[in-house]
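Trainee: The sequence shown runs 47 to 521 under this note's numbering. Glycine included, each C-beta is placed from N, C-alpha and C at the ideal position. First the structure, then my questions, so here it is.
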Amino acid sequence: MSQMRHVLSCRWPVAAFVIALLACVTALAPARAASPEGGDSVYRLMRYNDDFTALKDPAKRSDFWDPIKYIPLGAPFDSGYLSFGGELRERFESYQNPNFGIRAPGHNAYLLHRLLLHADLHADEHLRFFLQFGQFQRIGERGLPSTTDIDRLDLTQGFVDFTPPTPWGDGPTLRAGRAEMAYGFQRLVAVREGPNVRRAFDGVRAIQSIGGATINLFAVRPVADYAGVFDDRTNMKQALWGSYVTVPVWGPLSADLYWFGYENLSATYRGRTGHERRNSFGTRLFGKAAGWDWNAEAVLQSGTFANQSISAWMVSGIAGYTFRSLPWQPRLGLEGTAASGDDRSSATIGTFNPMYPRLPYFAETSLLVPANVYDIRPVVSFTPLRDVTVVLGWDMLWRMSTTDGLYGSGMTMYPGTNRVTASRVGTEVSFDIRWRPTQHLTLGAIAAEFRAGPAITAAGGKNVDFFALFATYKI
């Protein structure tokens, strides 16, 4: 009900935005576009998007696991099938001065274990059930509080899809239950793949494809993760609702248009805890052509926090060129983000809230989220072998406002960073290598060093070194 009251209280800008979205969809529907999803052609980032229907033909089954990827149900469910899958990930991480050493141990090292198993039942073309269970463990001590390391056993996803038939074809897919969500480049809503426990939401969604456009409507709450057995529950202090539309624009250019409504009953700004409500209106342009790739996004936020107005913004972009004719096919890229910060002399809260962003966001150390910060990051990547990818990055970061602090995961401000006067946050150099010897197995290593600038050291922070080794096996 709080979501609906909030929507009605700001009905005219929301209505105008939705009308603009629908107008774009109607005008641009003949072509085909989709907001790209991470993962690969076999195992998607969102495992409920895996498609093994080609294995209905036994002649196409060549992999050891193919017999469990497509199991026909038979009469009276001739079009139905059952698919099983899973993931095992083991990841070692080590930090020197985690959290910049601010109220944190000088060093830590630990092993993260993730096991996911799922069953995907398609009763027919219109009814589907998806269940996923997860076990997450940490061996060793992080030395800092974390809700994303340990969850001994729980239902990580469980939902039902119903796609009603209509005289014009299938209607929208109606989804109810617990499911992961990721939109666009995952700057605002992401599955949180880096940490051990991925992020999921409880609620309802409606998904419709019209020509080449895709429309998502949703009203959900995040899942609160706990360390015990089947004790995860809906986080009733937060809510997310809105619409996300992907449309083709012209040739290789596509666009995302979206509105997110957000509520947090226990947000903290300016040292106060209160009720936060935000609207985020954004657009993203993306595509690839002739070796070039691009991805640019802009977001405006408005709302209230404890009877104070909110006005915030973010712009972010990536552009690169791949030299496909050269050995190793090197790619040169440039990335950058600018997210507004707070001016304490103003009555308006100016800190941008990324809500549920991907982690890591800036480079590999997962220290900062896009709030009161701007950066520029040159990137070089190449493939020395067919199944090996190497990425080198150099990130330079500054504070947007010197009267606001720096924020980590969960929009938690690093103590003391709002009281220093310097703007330069520091630089991070990172190295990432991944080898995929089979379609199931991925091996990787990450090394990064964050050289703290005066915005960190003046608050008692130090340089950070990070190292990770990981292996993932998917079926």
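#1: Taking the beta carbon of His544 as the centre, do at least 16 other beta carbons fall within 10 Å, making it buried, or is it exposed?
#2: Terminal residues of the continuous alpha helix (DSSP H) containing Pro500?
#3: Leaving aside the five residues before and after Leu161 along the sequence, list all residues of the same chain whose C-beta is less than 6 Å from its C-beta, in chain order.
#4: According to DSSP, Tyr290 sits in a beta bridge with which residue or residues?
#5: For Ile185, is the classification buried or exposed, using 16 other Cβ atoms within 10 angstroms of its Cβ as the cut-off for buried?
#6: So is Ala105 buried or exposed if we call it buried at 16+ other beta carbons inside 10 Å?
#7: Considering only DSSP beta bridges, list what Glu322 is partnered with.
#8: Find out if the Cβ-Cβ distance for the pair Phe179, His168 is shorter than 9 Å.
#9: Go ahead and label Asn95 buried or exposed: buried means 16 or more other beta carbons lie within 10 angstroms of its beta carbon, across all protein chains shown.
#10: Name, in chain order, the residues that DSSP records as bridge partners for His159.
#11: Could you tell me whether the Cβ atoms of Arg445 and Glu474 are closer together than 9 Å?
#12: So, helix, strand or coil for Arg423, using DSSP?
#13: Could you pull out every unbroken beta strand (DSSP E) segment of at least 3 residues lying fully inside the stretch 180–262, listed in chain order?
#14: Measuring only the C-alpha atoms, how far is Pro213 from Ala252?
#15: Considering only the alpha carbon of each residue, which of Gly189, Arg330, Ala228, Ile256 lies closest to Met92?
#16: Compute every distance between the C-beta of Thr488 and the non-hydrogen atoms of the ligand NAD, then say whether any falls below 8 Å.
#17: Here's a check: name, in chain order, each residue in its chain whose Cβ is nearer than 6 Å to the Cβ of Pro400, leaving out the five neighbours to either side.
#18: Out of curiosity, what's the CA-to-CA distance linking Asn143 and Thr219?
#19: Out of Tyr519, Ser447, Leu487, Ser476, state which residue places its alpha-carbon closest to the alpha-carbon of Ser469.
#20: Can you tell me which of the three DSSP states Pro104 falls into?
#21: Please state whether DSSP places Asp389 in a helix, a strand or coil.
#22: Against chain D, with Cβ distances strictly below 9 Å, would Arg90 count as a contact?
#23: Does the stretch 459–468 touch the stretch 486–494, meaning 3 or more C-beta pairs lie closer than 8 Å?
#24: Buried or exposed: Asn353, going by 16 or more other Cβ atoms within 10 Å of its Cβ?
#25: Check whether the stretch 307–321 touches the stretch 379–398, taking contact to mean three or more Cβ pairs, one atom from each stretch, closer than 8 Å.
Mentor: Straight from the coordinates:
#1: Beyond the ends of the chain as shown, which are 47 and 521, falls residue 544; an answer cannot be given.
#2: Residues 500–503.
#3: Excluding residues within five positions, the ones whose Cβ falls inside 6 Å are Leu134, Gln181.
#4: Asn262, Tyr304, per the DSSP bridge assignment.
#5: Exposed, by the Cβ-count rule.
#6: Counting Cβ neighbours within 10 Å, Ala105 comes out exposed, since fewer than 16 surround it.
#7: The partner list for Glu322 (beta bridge, DSSP) reads Asn310, Phe351.
#8: At the C-beta level, Phe179 and His168 stay beyond 9 Å of one another.
#9: Result: exposed.
#10: In the DSSP assignment, the residues bridged to His159 are Glu136, Gln183.
#11: Not closer than 9 Å, so no.
#12: For Arg423, the three-state secondary structure derived from DSSP is strand.
#13: Residue ranges of uninterrupted beta strand (DSSP E) with 3 or more members, entirely inside the stretch 180–262 and ordered along the chain, are 197–208, 219–225, 247–256.
#14: Rounded to the nearest angstrom, the two C-alpha atoms are 19 Å apart.
#15: Considering only alpha carbons, the answer is Ala228.
#16: The ligand NAD is not part of this structure, which contains no ligands at all.
#17: A distance below 6 Å between beta-carbons, with the five flanking residues on each side excluded, links Pro400 to the following residues of its chain, in chain order: Leu234, Val415, Pro416.
#18: Rounded to whole angstroms, Asn143 and Thr219 show a C-alpha spacing of 47 Å.
#19: Here the closest residue by C-alpha is Ser447.
#20: Three-state result, Pro104: helix.
#21: The three-state secondary structure of Asp389, taken from DSSP, is coil.
#22: The structure shown has no chain D; it contains just one protein chain.
#23: No: fewer than three Cβ pairs fall under 8 Å.
#24: By the neighbour-count criterion, in which 16 or more other beta carbons inside 10 Å mark a residue as buried, Asn353 falls on the exposed side.
#25: Short answer: they touch.
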